[in-house]
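Written below as structure tokens is the structure these notes are about.
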Amino acid sequence: MSEHTTDQAADHFSHHIRRYLFVFYALLFGTLITVGASYIPFGNREVNIGVALFIAICKASLVACYFMHLISERKMIYFIMAFTAFFFAGLMFLTLWSFGDFPWHTVTH
Amino acid sequence: MEIPYTVEARPDTGLYNAKVGIWLFLASEVMLFGALFSTYILLRVGAPEGFWPHGWLNIPVGTVNTLVLITSSITTVMAWASLKMNQFSRFKFFHACTLCLALTFVGIKSYEYHDKFMHYEIILKDGKIADGHLVKRTADEVTISGHYVEDRKELFDLRAAGAHHEHTEITIPKAQIKKMENYGPWHSTYLAIYFTLTGLHALHVIGGAIVIGFLWGPGTRLWKKDPERFTNRIEISGLFWHFVDLVWIFLFPVLYLL
Amino acid sequence: MHAIPHPHVHEEHHEEAGFWSKYVFSTDHKIIGIQYGFTALCFLFFGFCLMLMMRWQIAHPGVPVPLVGPLLEALLGPMAAKGIVSNDLYNSFGAMHGTIMVFLAIVPLAFGAFGNYLVPLQIGAPDMAFPRVNMASYQFYVLGGVVMFFSFFIPGGAAQAGWTSYPPLAVAVPTMGQTFWLLGMVLLITSSLLGAVNFIATVIQLRAPGMTWMRLPFFVWAQFVTAFLLLLAFPPLEAAGVLQLMDKVAGTSFFLPTGLAVGGNLANISGGGSPLLWQHLFWFLAHPEVYVLILPAMGVVCEIIANNTRKPIWGYKSLVYAVLTLGFLSFIVWAHHMYLTGMGIRIATFFQTTTMIISIPSVIILTCMFISLWGGSIRFNTPMLFVMAFLPMFGIGGLTGLPLGFSYSDIHLHDTYYVIAHFHYIVAPGTIFALFAGIYFWFPKATGRMMSEFWGKVHFWGSLIFMNLIFQPMFAQGMAGMLRRMADGGANYSTAKNPDAIGGLSAHMMELHTYILWAAVGLALAQIPFIINFFWSISHGTPAGSDNPWHSTTLEWQTPTPPPHGNFAKAPQVYRGPYEYSVPGHATDFTPQNQPD
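Protein chains in written order, with this note's numbering: chain A, 919 to 1027; chain R, 8 to 265; chain P, 34 to 630.
Here's what the structure looks like:
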């Protein structure tokens, strides 16, 4: 966004800067608990994967929303990223599904 | 007629041109890394039971690298905020930090790559397998610091209980070696996708650092002529940098922790 | 930053201003568009020549190619020994014909040339949003083209595993041609990505005041959707290209399965990879790619129909929603190219369903074009002839795709000549006809002269007749079971060679190859008037007489000829939609978009 770069902006920005620092601490914390959680024996590896991905999505959302200002972006950008997210999901999910789907009576070792 | 909206926002979209451009480019990058993450998932799901590696990467080193990149993200946004507040010297300071952190990241990554290239798996003619880091290589023998295993499967899950081995110096005459291969991308599909994902990511780090470095150095001429335009360039390069950090936020747990 | 154009000053400094910065390293979208156009037409010609040599070999296996045989041997060495197209050479011609036509000819012409030249003009912008990125995208294209071209001359020749480059074959072929192909593709994909970002940002941000989304010429909508397809679908292929490059050069096994044996010997690889993974990543792009091939052509067709029927396009809103839906759906149909890879019923049904659904917006678009002719005051000039032929030709191509989209009928038709006929009908008398129409139509805007109508009609009739004679028999050959990519044209599977075999290719099916060859030669001859007409008319064609000889409503025709640097002295104000033809009560039968009431 192109606001005027005057000194009045400094006051306006101190509130933003507090937010940036808060996100930074959250990211540091998130990193440490991701590492820690990977050592917890949940028994089932899928749970570890789920926990790690969940924390990663939270961290990524913080970076995108606050550092990249996505939370206050314009509709046009949301449109572009929404389509991208849909096609990204399609690529991952459909490819994975096709690997797992076999004709009847197929022998899988 | 000049190209409009290079600095001021177009009224109906609320955006200036370069901002649309960079988000479009980032969309394509999402698809690029998405394809590679798909590849990772498919290779892992398709691997036979017990033959997908765990614990082959140094977690403390990876964690440090993650913290380095996250710190570079905050310095990047602070650099842009400083310009918005007309504080040019603080911008210079913060982006200098960003560049140092970028170099640190690449340095640590290079150390990790080197470590993998020094790590060898040696299959002997009698069927035994030796695994360890190269100490010395002469004309007729090889010395590694590692251990022997009977079953190759033991080399894979290093995070399992009881996976820790004593590392001793083992010298093997070359005549007894059937196959000697280091832990490069050719070693296994896990390392192949590891090197490709982190390599491509590292290229993006280097590319981003070059752009930020240029803007920090010779590019600052624009600050005097058109400060708003220069600030926008810092914002655009910052968006790219945050994306690079975002990719690593997923790469780190997927490759190092899972 | 562009200065206000001063034509006299430029002319004075013509020699000093530098040929290089004005014509070679230009950032002006019009020059870049023309650069793309010339380069693409050269590659179109080259790909056509490859096809002629392939058709010769198919019709006369083992016979030296007439006229050019000795030249082939001199240039390509043992692969073309005695001037005969050897099996390996045939395979590389086949792979490169496809690659060149799709990535080096049609897309650069339809998107790079027409898109670059016309989109900024039609939206009332001074240039693309990022002119230097535009120049870079052309340079990457040329670089990629050079790499692809030179791959013919390295030992072992060019890539041989089809334009689809399926591993393990593509990786296992021991020569460097495939590596060159992969590097070339990375460069071409980079070019396309840069172009796509530019197009989308330009259409979003640089529309002139009053140029709302629903006042855009359909051509711009078509290019806009095309750009989105390129932006989001190409990166997975770029990733796949890098992975295959690593398989070839770094010994990885992304696409190489465990236990792979090459030439009877176990390959020294880690294994664990999947050939199917390549297919998914490849077709994720390659399906949207076929819509990249057709959408700009549909845009051209709509512009020319509106102009030559002197009435608005029927169903503008339907066209817009249809093209948006088409673009969206094109991302989730790709595995209909993979029905025979051992897919399960559920996933095959999913892709079959989305494939059937995507035919709906295609039909809507074609229907709107057909209905637009109704009640029109049709001018049968050369562009209009090509465009009118496009309609049934694309219709045939599209309809013949239906048995391929159904998984059960595809079992019989997959990888046969039927597929070749289907997609060539869409691209050859489909897209290429539309692009020919576009060349004849916009020639006076770029040069101020008209191309010869007489020779244009000769070109049209010759191309129409011979294209049909080439591709129509292939439907029959495909249904008879003739497979693609056979260097001997299927002679090994003919009843002549195997009298007792069931389902062998009959003498009649084999004989068709000879007729197809003659038709291909006829098609080649029919292009000669076009090539001569094109170059001759640049300096000797009938002067257009005005900046708007076709009496068109869109903004590119409201500029001087050729449009100056910066296009418009100041931003045009748009008052109306793009197809205000024959508005009742108006003095003229057309009203330009920027004409106030």
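Yeah, the Cβ is synthetic: ideal placement off N, Cα and C, and Gly gets one too. Fair warning: this is a prediction, and the values are worked out from it, not measured in the lab.
Would you give the residue range spanned by the beta strand (DSSP E) that ASP138/R belongs to?
136-144
Given 8 Å as the limit, is there contact between the stretch 236-249 of chain R and the stretch 26-38 of chain R, that is, 3 or more CB pairs closer than that?
Two segments are said to touch when three or more pairs of C-beta atoms, one from each, lie closer than 8 Å; by this definition the stretch 236-249 of chain R touches the stretch 26-38 of chain R.
Taking the straight line between their C-alpha atoms, what separation do you get for THR547/P and MET371/P?
If you take the alpha carbons of THR547/P and MET371/P, they lie about 31 Å apart.
Measuring alpha carbon to alpha carbon, tell me which residue in ILE503/P, TRP488/P and PHE493/P is nearest TYR451/P.
ILE503/P
Between SER244/R and chain A, is any beta-carbon pair separated by less than 7 Å?
No, SER244/R does not count as interfacial toward chain A.
Please report the distance separating the alpha-carbon of LEU945/A from that of LEU357/P.
39 Å
At the level of alpha carbons, what is the spacing between GLU128/R and TYR190/R?
7 Å
Around the Cβ of ILE951/A, are there at least 16 other Cβ atoms within 10 angstroms (buried) or fewer (exposed)?
It is exposed - the Cβ of ILE951/A has fewer than 16 other Cβ atoms within 10 Å.
Please confirm if THR1013/A has its CB atom under 7 Å from at least one CB of chain P.
Yes, because at least one Cβ of chain P sits closer than 7 Å to the Cβ of THR1013/A.
Taking 8 Å as the cut-off, does the stretch 974-992 of chain A touch the stretch 934-944 of chain A (at least 3 CB pairs, one atom from each stretch)?
yes
Excluding sequence positions up to five away, which residues of its chain have a Cβ less than 6 Å from the Cβ of THR73/R?
The beta carbon of THR73/R is closer than 6 Å to those of PHE259 in its chain, skipping five residues each way along the sequence.
CA-CA distance, TRP569/P and PHE95/R?
60 Å
Own chain residues within Cβ distance below 7 Å of ALA36/P, not counting five before or after
Model confidence at ALA36/P stands at a pLDDT of 44, short of 50, so the residue's coordinates are unreliable; what they give is reported in the following sentence. None.
Check the C-beta distance from THR388/P over to VAL353/P and give it rounded, since I have them as a contact under 8 Å.
That pair is no contact at about 22 Å.
Under the three-state DSSP convention, the category SER22/P falls into
Nothing in the structure corresponds to residue 22/P, since chain P is present only between 34 and 630.
Note down, in chain order, each residue of its chain lying with its Cβ closer than 7 Å to the Cβ of LEU373/P, except the 5 sequence neighbours on either side.
ILE444 and HIS447
Quick test of the definition: if touching needs 3 or more C-beta pairs under 8 Å, does the stretch 535-543 of chain P touch the stretch 471-478 of chain P?
Too few Cβ pairs lie closer than 8 Å, so no.
Just reading off the beta strand (DSSP E) that SER152/R is part of, what are its end residues?
148-156
Keeping to the same chain, check which residues put their C-beta closer than 7 Å to that of VAL113/R; ignore five residues upstream and five downstream.
ALA209, VAL212 and ILE213
Any contact between the stretch 37-46 of chain R and the stretch 190-207 of chain R? By contact I mean 3 or more CB pairs, one from each, below 8 Å.
yes
Under three-state DSSP, which class holds MET543/P?
helix
Flag SER35/R as yes if its beta-carbon sits less than 7 Å from any beta-carbon of chain P, otherwise no.
yes
When the cut-off is 7 Å and only beta carbons count, does ALA88/R lie next to chain A?
yes
Tell me which residues of the stretch 253-265 of chain R have at least one Cβ-Cβ distance to chain P shorter than 8 Å, keeping chain order.
Taken residue by residue, none of the stretch 253-265 of chain R has a beta-carbon sitting less than 8 Å from a beta-carbon on chain P.
For PRO596/P and chain R, any beta-carbon pair shorter than 7 Å?
No, its Cβ sits nowhere closer than 7 Å to a Cβ of chain R.
Pick from ARG343/P, SER363/P, MET426/P and GLY438/P that is closest to LEU406/P, judged by C-alpha positions:
Minimum Cα distance to LEU406/P is reached at ARG343/P.
Does DSSP classify PRO260/R as helix, strand or coil?
helix
Pairwise C-alpha distance: SER932/A and CYS107/R:
Distance between CYS107/R and SER932/A, taken at the CA atoms: about 25 Å.
Quick check: the Cα distance between ILE453/P and LEU137/P, rounded to an integer number of angstroms?
19 Å
Who are the Cβ neighbours of SER485/P in its own chain at under 6 Å, not counting the five residues just before and after it?
Excluding the 5 residues flanking it on each side, SER485/P has same chain C-beta neighbours closer than 6 Å at ASN566, in chain order.
Please check if any C-beta of chain A sits within less than 7 Å of the C-beta of MET376/P.
For MET376/P, the answer is yes, since a Cβ of chain A falls inside 7 Å of its Cβ.
Using a threshold of 7 Å, state whether the C-beta atoms of MET218/P and VAL607/P are closer than that.
no
Closer than 6 Å: PHE259/R CB and nearest the ligand NAD heavy atom
For the structure depicted, the ligand NAD is absent and the ligand set is empty, with no information on it obtainable.
List the residues of chain R that ILE967/A touches, going by C-beta distances under 7 Å, in chain order.
In chain order: LEU265.
Once you ignore the five residues that flank MET1010/A on each side, which residues in its own chain have a CB closer than 6 Å to its CB?
Correct list: empty, nothing qualifies.
So, for GLU106/P: in the same chain, excluding its five sequence neighbours on each side, which residues have a beta-carbon less than 7 Å away from its beta-carbon?
ALA113, ALA114, LYS115 and GLY116
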